[in-house]
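Asks: Numbering (this note's numbering) for the sequence shown: 795 to 1044.
I am attaching a structure below and will ask some questions about it afterwards.
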Amino acid sequence: MSTTNAGLAKKLGYKNVRVFLAGEPAWSKAGYPVYASNEYVSKGNIVLLDLRTQGETVKGRIPRAIPLTYEELEDRIDDIPRNAPVIIYSHRQEDVLEAYEDLRDEGFKKVALVKGNYDGWVTSGGKIETGPVFSTEIKWVRILGKGEVSVAEFKKAVSGETPGVYIIDARTPEEIQELGIFPNTVNIPLDEIPLKMSDIPKDKQVFVHCSTGARADLAYRELVKNGYNVKFLLLNISDPECDCPIIMPN
């Protein structure tokens, strides 16, 4: 997607265009933080953690935030759902960066920060709530978005338990050569899907996946536009939840 967008930028007249091919996964793996939008903090299906002291959270906190000081994080790490997007904030950038690194080291793949921490949230006009917090239990249930297929349904299709499903792997051949491919899937890279519509059956349920779900989402939109009955998997396929067997190419 990065190279495609770079090509579009050049067509629009931009001269100095470069592409970070490794993308966000490599950025995060290297330990660099990512930041959530205020809208996602407000409305996303997330676990929001306030790492400040109890007294500070009583004075004001972001709605839905669970008070959990940095000192408590290690003891409660198993209370945080591993597949949940986790967003953290505090007063000090040093605290959130340490917590971010700890969570990534513990295997959490979807961790982000609030821009400017609590003060940045307030300055940007974000809503707050005050008063005691009566429960610090961390509750999270995955909610499927429009067009998403559940992991359980996808795994059944990959294993052959669900007949009549056509599964597309939208990654590149290079990715498959390096990482392998799931059984009962057909590799059609994202940029080739518009050219290979005639190969995709319209009388079957179509599932699409890639490495993280971003390209699968784009493929889903293209296929829906052309009348296909399609769903996509929004999940990092390296996540333990997606423990499908993998076939390595010869």
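A virtual CB, placed ideally from N, CA and C, is assigned to each residue, including glycine.
CB Pro1039 to CB Pro977, shorter than 8 Å?
Replies: Closer than 8 Å, so yes.
Asks: Starting from Ile882, trace the beta strand (DSSP E) both ways and give me its first and last residue.
Replies: Note, Ile882: beta strand (DSSP E), Val880 to Tyr883.
Asks: List the endpoints of the continuous alpha helix (DSSP H) containing Ile1041.
Replies: Looking at the DSSP string, Ile1041 is not in any alpha helix (DSSP H), and its letter there is neither H nor E.
Asks: According to DSSP, is Ala830 part of a helix, a strand, or is it coil?
Replies: The answer is strand: DSSP assigns Ala830 an E or B state.
Asks: So what does Asn981 bridge to, in DSSP terms?
Replies: Asn981 pairs with Asp963.
Asks: Write down the C-beta distance between Pro879 and Lys904 rounded to the nearest angstrom, noting that I regard them as a contact closer than 8 Å.
Replies: Rounded, the Cβ-Cβ distance is 4 Å, consistent with contact.
Asks: Flag Pro977 as yes if its beta-carbon sits less than 8 Å from any beta-carbon of chain B, otherwise no.
Replies: Absent from the structure: chain B. Only one protein chain is present.
Asks: Using C-beta distances below 8 Å, list every residue in its chain close to Glu868, excluding the 5 sequence neighbours before and after it, in chain order.
Replies: Cβ neighbours of Glu868 beyond the five flanking positions: Asp896.
Asks: What residue range is occupied by the uninterrupted beta strand (DSSP E) comprising Phe948?
Replies: Careful: Phe948 lies outside any beta strand (DSSP E), inside the alpha helix (DSSP H) at Val945 to Val952.
Asks: Going by CA-CA distance only, name the one from Pro995, Asp997, Ala946 and Tyr1014 that's closest to Cys1004.
Replies: When only C-alpha atoms are compared, the closest one is Tyr1014.
Asks: On the CB-based measure, 16 or more other CB atoms within 10 Å of its CB, does Asp844 come out buried or exposed?
Replies: With 16 or more Cβ atoms within 10 Å of its Cβ, Asp844 is classed as buried.
Asks: Which parts of the region 994-1044 are runs of the beta strand (DSSP E), unbroken and 3 residues or longer, counting only runs that do not cross its ends?
Replies: Runs of the beta strand (DSSP E) inside the region 994-1044: 999-1003 and 1024-1026.
Asks: Buried or exposed: Arg855, going by 16 or more other Cβ atoms within 10 Å of its Cβ?
Replies: Counting Cβ neighbours within 10 Å, Arg855 comes out buried, since at least 16 surround it.
Asks: Let me confirm a value: Ala820 is counted as buried when at least 16 other C-beta atoms fall within 10 Å, else exposed. Which label applies?
Replies: Exposed, by the Cβ-count rule.
Asks: Under three-state DSSP, which class holds Ile975?
Replies: Strand, per DSSP.
Asks: On the three-state DSSP scale, how would you describe Ala803?
Replies: The answer is helix: DSSP assigns Ala803 an H, G or I state.
Asks: Relative to the alpha-carbon of Lys996, which residue among Tyr1022, Thr979 and Thr1006 has its alpha-carbon at the smallest distance?
Replies: Looking at the Cα atoms, Tyr1022 is the closest of the given residues.
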